[in-house]
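Residue 403, in UniProt numbering, is where the sequence shown stops; the numbers in between run on with no holes.
Glycine included, every Cβ here is placed at the ideal spot set by N, Cα and C.
Predicted model, so just to flag it, every value in this text is computed and none were measured.
Just below is one structure, and these are the notes that go with it.
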Amino acid sequence: MLSFADVLAARDRVAETARHTPLEYSHTFSAMTGSEVHLKLETFQRTGAFKIRGATNRIATLSDAERAAGVVTASAGNHAQGVALSATRMGVDAKIVMPEHAPVSKVEATRSYGGEVVLYGEDYDAAAERAHEIEREEGRTYVHAFDDEMVMAGQGTIGLEIYEDLPEVETVVVPIGGGGLISGIATALKGRDEDVRVIGVQAEGAASAPASLEKGEIVERDSVETIADGIATRKIGERTFEVIRERVDEVVTVTDSEIAVALTKLLERSKTLVEGAGAVPLAALLAERFDYEDDEVIVPALCGGNIDLNVLTTVIMRGLIETGRYLRLRTVLKDRPGELERLVEIISEQGANIYAIEHDRAARDIALNDAEVELDLETKGPDHVEALIESLEASGYEIEVLV
Numbered sequence: 001m002l003s004f005a006d007v008l009a010a011r012d013r014v015a016e017t018a019r020h021t022p023l024e025y026s027h028t029f030s031a032m033t034g035s036e037v038h039l040k041l042e043t044f045q046r047t048g049a050f051k052i053r054g055a056t057n058r059i060a061t062l063s064d065a066e067r068a069a070g071v072v073t074a075s076a077g078n079h080a081q082g083v084a085l086s087a088t089r090m091g092v093d094a095k096i097v098m099p100e101h102a103p104v105s106k107v108e109a110t111r112s113y114g115g116e117v118v119l120y121g122e123d124y125d126a127a128a129e130r131a132h133e134i135e136r137e138e139g140r141t142y143v144h145a146f147d148d149e150m151v152m153a154g155q156g157t158i159g160l161e162i163y164e165d166l167p168e169v170e171t172v173v174v175p176i177g178g179g180g181l182i183s184g185i186a187t188a189l190k191g192r193d194e195d196v197r198v199i200g201v202q203a204e205g206a207a208s209a210p211a212s213l214e215k216g217e218i219v220e221r222d223s224v225e226t227i228a229d230g231i232a233t234r235k236i237g238e239r240t241f242e243v244i245r246e247r248v249d250e251v252v253t254v255t256d257s258e259i260a261v262a263l264t265k266l267l268e269r270s271k272t273l274v275e276g277a278g279a280v281p282l283a284a285l286l287a288e289r290f291d292y293e294d295d296e297v298i299v300p301a302l303c304g305g306n307i308d309l310n311v312l313t314t315v316i317m318r319g320l321i322e323t324g325r326y327l328r329l330r331t332v333l334k335d336r337p338g339e340l341e342r343l344v345e346i347i348s349e350q351g352a353n354i355y356a357i358e359h360d361r362a363a364r365d366i367a368l369n370d371a372e373v374e375l376d377l378e379t380k381g382p383d384h385v386e387a388l389i390e391s392l393e394a395s396g397y398e399i400e401v402l403v
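Okay, here's the thing in structure tokens:
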């Protein structure tokens, strides 16, 4: 099993490639939660995510023959970039298999770091199968995204940094995909102080760890569906499972809506851009998915910031909807002069801002003398949304909330 000594040894190997990333106190999230929140900003890591730590440590331990044959891996994006850059810096040829629907930004970034990209399969697991075929066909060394002790040890250097910068830390919250990150961090923290609590978080649509821990063996999902593509794996690893079972105190889950809210709040209040997987620890804290004391010193590990811009647009919109900042509704008006103006006046009186109006006289499910209207509105929160709808309904409108 991964040891504390493995993590200490990894620190020296990754020091020249990986950055010691900031750990910043957050007034905003401390006030929101009543705890003392410090954000581990691994978003400032080279390649934008923690994966370069594990990739560097693994490639650094290759034999001369293995370096000459090259490496291969599978990744949804962040591990791909870490392997590509690490291999390029060490003069090792890297071939990386990515899911066909991997974010374009991550595919292009991987190529820019010097990796040869092969697009294959619907998800990480399918891509991994193809990567293992290449491993056998070409004699390359497979650099696993998480289920490798040298990779886990590299990721664990984050835990060493957290404890070095904040020795009074009480709880560290870490996302779980395959489990490499939390295995390394938990090993590092427990090696420094057994009393530091480590909380793992998975997206509900890709949660295999809770069922695996409950059953006592690895449980594989049939499919995954989450906006947190960086942790969208169908199962955790065999090696990581053993470490999680022994060294992680609790594993919880969050919804995509909760992830979107956390991501939006990080953007708006902390001016910090994260990807879905990076927002998962904060989402668990804000949604109170685990118990904590007042003034408890908590570190959410924001593991990456490589979010595709198209995905970002969708997630921001989802976050605004969940926090009552955006509303789309439908109603029916009499098709006569002044009716639309009357509706707009009520909305204006309630202080909502209109983004867009769609006015349709030809909708099939309304009377011939009616018109269907859909409105996109900027609102100020759940209470404002409720007051607006109540005002419209009191004025005789039947309101259907679309989002």
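Report yes if the C-beta distance between Arg-58 and Val-151 is below 8 angstroms; otherwise report no. To locate residue 58, count along the sequence shown from 1; it is residue 58. To locate residue 151, count along the sequence shown from 1; it is residue 151. A Cβ-Cβ contact shorter than 8 angstroms links Arg-58 with Val-151.
Using 8 angstroms as the Cβ pair cut-off and three pairs as the minimum, do the stretch 138-157 and the stretch 3-17 touch? yes
Sort Ser-26, His-79, Gly-200 and Asp-308 by Cα distance to Val-297 and report the nearest one. Stepping through the sequence shown from its first residue, residue 297 is reached at position 297. Nearest of Ser-26, His-79, Gly-200 and Asp-308 to Val-297, Cα basis: Ser-26.
Which whole-angstrom value describes the C-beta separation of Cys-303 and Gly-278, a residue pair presumed to lie in contact below a C-beta threshold of 8 angstroms? As a first step, residue 303 must be located in the sequence shown, where it is residue number 303. As a first step, residue 278 must be located in the sequence shown, where it is residue number 278. Between Cys-303 and Gly-278, the beta carbon gap of about 5 angstroms places them in contact (Cβ cut-off 8 angstroms).
Just list the alpha helix (DSSP H) runs in the stretch 3-45, keeping only unbroken ones of 4 residues or longer that don't cross its boundaries, in chain order. 4-14 and 27-33
Suppose you measure from the CA of Pro-281 to the CA of Pro-300; what does that come to, to the nearest Å? What you label residue 281 is simply residue 281 of the sequence shown in a count that begins at 1. What you label residue 300 is simply residue 300 of the sequence shown in a count that begins at 1. Taking the straight line joining both Cα atoms gives about 5 angstroms.
So Val-248 and Ala-186 are supposed to be a Cβ contact under 8 angstroms. How far apart are they, rounded? If you number the sequence shown from 1, residue 248 lands on position 248. If you number the sequence shown from 1, residue 186 lands on position 186. 5 angstroms between Cβ atoms; contact.
In whole angstroms, give me the CA-to-CA distance for residue 415 and Val-385. Because the chain in this structure spans residues 1 to 403, residue 415 falls outside the shown range and cannot be described.
Beta-carbon contacts of Glu-24 that lie in its chain and below 7 angstroms, excluding the five residues immediately before and after: For this step, residue 24 is matched to residue 24 along the sequence shown. Around Glu-24: His-38, Leu-39 and Leu-41.
Reduced DSSP category for Asp-125 - H, G, I as helix; E, B as strand; rest coil: Your numbering for residue 125 matches position 125 in the sequence shown. Of the three classes helix, strand and coil, the one that applies to Asp-125 here is helix, per DSSP.
Determine the contact status of Ile-244 and Ile-182, defining contact as a CB-CB distance below 8 angstroms. For the purposes of this step, residue 244 is taken as residue 244 along the sequence shown, with counting starting at 1. For the purposes of this step, residue 182 is taken as residue 182 along the sequence shown, with counting starting at 1. Taking 8 angstroms as the cut-off, the Cβ atoms of Ile-244 and Ile-182 count as close.
Cβ shell of Lys-51 (< 6 angstroms), same chain only, five flanking positions each side left out: Translated into the one-based positions of the sequence shown, residue 51 becomes position 51. For Lys-51, same chain residues with a beta-carbon under 6 angstroms away, outside a window of 5 residues either side, are Asn-78, His-79 and Gly-82 in chain order.
Contact defined as beta carbons within less than 8 angstroms: I believe Asp-229 pairs with Gly-276. What is the distance between those atoms, to the nearest angstrom? Taking the sequence shown and counting its residues from 1, one reaches residue 229 at position 229. Taking the sequence shown and counting its residues from 1, one reaches residue 276 at position 276. Their Cβ separation, rounded to whole angstroms, is 6 angstroms, which keeps Asp-229 and Gly-276 in contact under 8 angstroms.
Tell me whether Lys-334 is buried or exposed, calling it buried when 16 or more other Cβ atoms sit within 10 Å of its Cβ. Your numbering for residue 334 matches position 334 in the sequence shown. The residue in question, Lys-334, is exposed, as its Cβ has fewer than 16 Cβ neighbours within 10 Å.
Whole runs of the beta strand (DSSP E) within the stretch 232-263, excluding any shorter than 3 residues: 250-254
C-beta atoms of Leu-273 and Ile-307 nearer than 8 angstroms: What you label residue 273 is simply residue 273 of the sequence shown in a count that begins at 1. What you label residue 307 is simply residue 307 of the sequence shown in a count that begins at 1. Yes.
Identity of the residues DSSP links to His-359 by a beta bridge: In the sequence shown, residue 359 corresponds to position 359, counting from 1. According to DSSP, which records beta bridges pairwise, His-359 is partnered with Val-373.
Reduced DSSP secondary structure (H/G/I, E/B, other) of Gly-48: Looking up residue 48 in the sequence shown gives position 48. Helix, per DSSP.
In terms of residue numbering, what span does the alpha helix (DSSP H) encompassing Leu-62 cover? As a working note, residue 62 is residue 62 in the sequence shown. Note, Leu-62: premise wrong, no alpha helix (DSSP H); not H, not E.
Taking Cβ to Cβ, would you say Val-92 is nearer than 8 angstroms to Gly-70? For the purposes of this step, residue 92 is identified with residue 92 of the sequence shown, where counting begins at 1. For the purposes of this step, residue 70 is identified with residue 70 of the sequence shown, where counting begins at 1. A contact, by the Cβ cut-off of 8 angstroms.
Residue burial classification, Val-403 (beta-carbon count within 10 angstroms, cutoff 16): As a working mapping, residue 403 is identified with position 403 in the sequence shown. By the neighbour-count criterion, in which a residue is buried when 16 or more other Cβ atoms sit within 10 angstroms of its Cβ, Val-403 is exposed.
Could you give the distance in angstroms between the alpha-carbon of Asp-376 and the alpha-carbon of His-359? Looking up residue 376 in the sequence shown gives position 376. Looking up residue 359 in the sequence shown gives position 359. Going from the Cα of Asp-376 to the Cα of His-359 covers about 12 angstroms.
DSSP state of Asn-353 mapped onto helix, strand, coil: Mapped onto the sequence shown, residue 353 falls at position 353. When secondary structure is reduced to three states using DSSP, Asn-353 falls in the strand class.
Look at the alpha carbon of Ala-74 and the alpha carbon of Ala-209, and state the distance between them as a whole number of angstroms. What you label residue 74 is simply residue 74 of the sequence shown in a count that begins at 1. What you label residue 209 is simply residue 209 of the sequence shown in a count that begins at 1. Their backbone Cα atoms lie some 21 angstroms apart in a straight line.
Is it right to say Ala-94 is buried, meaning 16 or more other beta carbons lie within 10 angstroms of its own, or is it exposed? Position 94 of the sequence shown holds residue 94. It counts as buried.
Just to confirm the assignment, what range does the beta strand (DSSP E) spanning Arg-334 have? Taking the sequence shown and counting its residues from 1, one reaches residue 334 at position 334. Rather than Arg, the amino acid found at residue 334 in this sequence is Lys. That run of the beta strand (DSSP E) goes 326-334.
Can you tell me where the beta strand (DSSP E) with Gly-200 in it begins and where it stops? For this step, residue 200 is matched to residue 200 along the sequence shown. First-last of the beta strand (DSSP E) with Gly-200: 197-203.
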